[in-house]
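*Asks:*
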Amino acid sequence: DKIIALCEDNSKNLWGGTTGGGGNVIPLHMISEGNSDFVTYRHNLKDVKSLSHNDVYCILQDHRQQIWIGTGGGLNYVEWDHNQPLTEALLKGEISFVSYLEKDGLSNGVVYGILGDRKGNLWLSTNNGLSMFNPEARQFINYNVNDGLQANEFYENAYYKDKQGRMFFGG
1 DKIIALCEDN SKNLWGGTTG GGGNVIPLHM ISEGNSDFVT YRHNLKDVKS LSHNDVYCIL
61 QDHRQQIWIG TGGGLNYVEW DHNQPLTEAL LKGEISFVSY LEKDGLSNGV VYGILGDRKG
121 NLWLSTNNGL SMFNPEARQF INYNVNDGLQ ANEFYENAYY KDKQGRMFFG G
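Right under this line is the structure:
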């Protein structure tokens with residue numbers, strides 16, 4: 001699979017996003033021990049708790065240590081029992097996903113970039129403008145060319161936050 005997103009979480013797990021192959025994750029200590037077996041998460045039509053799409057464009061661990069995945073079919077929140085370490089949940093296959101889609105207020109289902117702001121909001125670049133998502137309230141505010149954006153369509157791997165907290169999205 002073509003890997004288009006990488007993220008190391010604070011538990012030293014390496015997350016990889018692919019085109020068509022879903023999300024893949026491996027604890028980094030396993031690689032140094034010679035084991036390169038990734039745990040793969042894919043979309044399953046029969047499972048609403050599966051990844052929402054097999055194209056994974058971006059992965060972010062936010063300031064609350066929550067993991068978010070942007071796909072070709074929505075925003076996904078990684079859910080596990082926080083009474084156990086994330087790495088243990090991954091190895092046991094005890095990870096599920098909560099999906100946020102257009103029907104939930106997301107401006108478009110294709111999420112190319114995710115950045116977090118100082119207030120804990122997530123900013124998502126899509127094929128139809130920017131969406132600001134408040135995870136606590138589970139609400140979206142959408143922005144498009146009518147709000148001053150250069151265009152409504154953004155590109156994969158074209159997002160960046162500088163040290164001052166300014167966000168840049170390429171489109």
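The opening position of the sequence shown corresponds to residue 1 in my numbering, with each subsequent residue numbered one higher.
For each residue, glycine too, the CB sits at the ideal point set by N, CA and C.
Based on the DSSP output, what are the partners of Tyr41 in its beta bridges?
*Replies:* Here residue 41 corresponds to residue number 41 of the sequence shown, with the count starting at 1. Note: Tyr41 sits in a beta bridge opposite Gly23.
*Asks:* Taking the beta carbon of Val48 as the centre, do at least 16 other beta carbons fall within 10 Å, making it buried, or is it exposed?
*Replies:* Along the sequence shown, one-based indexing puts residue 48 at 48. Using a 10 angstroms sphere on the CB of Val48, the tally of other CB atoms stays under 16, which defines it as exposed.
*Asks:* Measure how close the beta-carbons of Val111 and Ile95 come, nearest whole angstrom, since I'm counting them as under 8 Å.
*Replies:* Taking the first residue of the sequence shown as 1, we reach residue 111 at position 111. Taking the first residue of the sequence shown as 1, we reach residue 95 at position 95. Incorrect: roughly 19 Å between the Cβ atoms, too far for contact.
*Asks:* Is the CB-CB distance between Ile114 and Gly171 below 8 Å?
*Replies:* Start at 1 with the first residue of the sequence shown, and residue 114 comes out as number 114. Start at 1 with the first residue of the sequence shown, and residue 171 comes out as number 171. In this structure, Gly171 does not lie closer than 8 Å to Ile114 by Cβ.
*Asks:* Name the one or two DSSP bridge partners that Gly113 has.
*Replies:* Against the sequence shown, residue 113 aligns to sequence position 113. Paired residues: Ser125.
*Asks:* Give a yes or no on whether the C-beta atoms belonging to Gly16 and Ile3 are separated by under 8 Å.
*Replies:* Along the sequence shown, read from residue 1 onward, the residue named residue 16 stands at position 16. Along the sequence shown, read from residue 1 onward, the residue named residue 3 stands at position 3. Yes, these two residues count as a Cβ contact at 8 Å.
*Asks:* Contact check, Gly120 vs Arg64 under 8 Å by CB: the rounded distance?
*Replies:* Looking up residue 120 in the sequence shown gives position 120. Looking up residue 64 in the sequence shown gives position 64. Sure, about 7 Å apart at Cβ, within 8 Å.
*Asks:* Distance check for Gln61 and Ser11, CA to CA, integer angstroms please.
*Replies:* Residue mapping note: residue 11 aligns to position 11 of the sequence shown, counting from 1. Residue mapping note: residue 61 aligns to position 61 of the sequence shown, counting from 1. Computed Cα separation, rounded: 11 Å.
*Asks:* Ordered along the chain, which non-local residues of its own chain (more than five positions away) have a Cβ less than 7 Å from that of Glu234?
*Replies:* Any answer about residue 234 is impossible in this case: the structure gives the chain only from 1 up to 171.
*Asks:* Would you decide whether Asn13 is buried or exposed? Buried here means 16 or more other CB atoms lie within 10 Å of its CB.
*Replies:* For the purposes of this step, residue 13 is taken as residue 13 along the sequence shown, with counting starting at 1. Counting the other Cβ atoms within 10 Å of the Cβ of Asn13 gives 16 or more, which makes it buried.
*Asks:* Can you tell me which of the three DSSP states Lys92 falls into?
*Replies:* The sequence position of residue 92 within the sequence shown is 92, counting from 1. Of the three classes helix, strand and coil, the one that applies to Lys92 here is helix, per DSSP.
*Asks:* Which whole-angstrom value is the C-beta distance of Ile26 and Val39, which I expect to be below 8 Å?
*Replies:* Numbered from 1 along the sequence shown, position 26 holds the residue referred to as residue 26. Numbered from 1 along the sequence shown, position 39 holds the residue referred to as residue 39. Sure, about 7 Å apart at Cβ, within 8 Å.
*Asks:* I need the straight-line Cα distance from Phe154 to Asn44, nearest angstrom please.
*Replies:* Here residue 154 corresponds to residue number 154 of the sequence shown, with the count starting at 1. Here residue 44 corresponds to residue number 44 of the sequence shown, with the count starting at 1. Approximately 27 Å between the Cα atoms of the pair.
*Asks:* Between Glu136, Ser52, Asn76 and Leu130, which has its C-alpha nearest Tyr143's C-alpha?
*Replies:* Within the sequence shown, residue 143 is the residue found at index 143, counting from 1. Nearest C-alpha to Tyr143: Leu130.
*Asks:* Can you tell which of Asp162, Asp147, Asn134 and Gln164 has the C-alpha that lies nearest to the C-alpha of Trp68?
*Replies:* In the sequence shown, residue 68 corresponds to position 68, counting from 1. The candidate whose alpha carbon is nearest that of Trp68 is Asn134.
*Asks:* Classify Ser125: buried if its beta carbon has 16 or more other beta carbons within 10 angstroms, exposed otherwise.
*Replies:* The residue given as residue 125 occupies position 125 in the sequence shown. Answer is buried; the Cβ neighbour count reaches 16.
*Asks:* Are Ser52 and Leu6 close, meaning C-beta to C-beta below 8 Å?
*Replies:* Here residue 52 corresponds to residue number 52 of the sequence shown, with the count starting at 1. Here residue 6 corresponds to residue number 6 of the sequence shown, with the count starting at 1. No, Cβ-Cβ distance for Ser52 and Leu6 is not below 8 Å.
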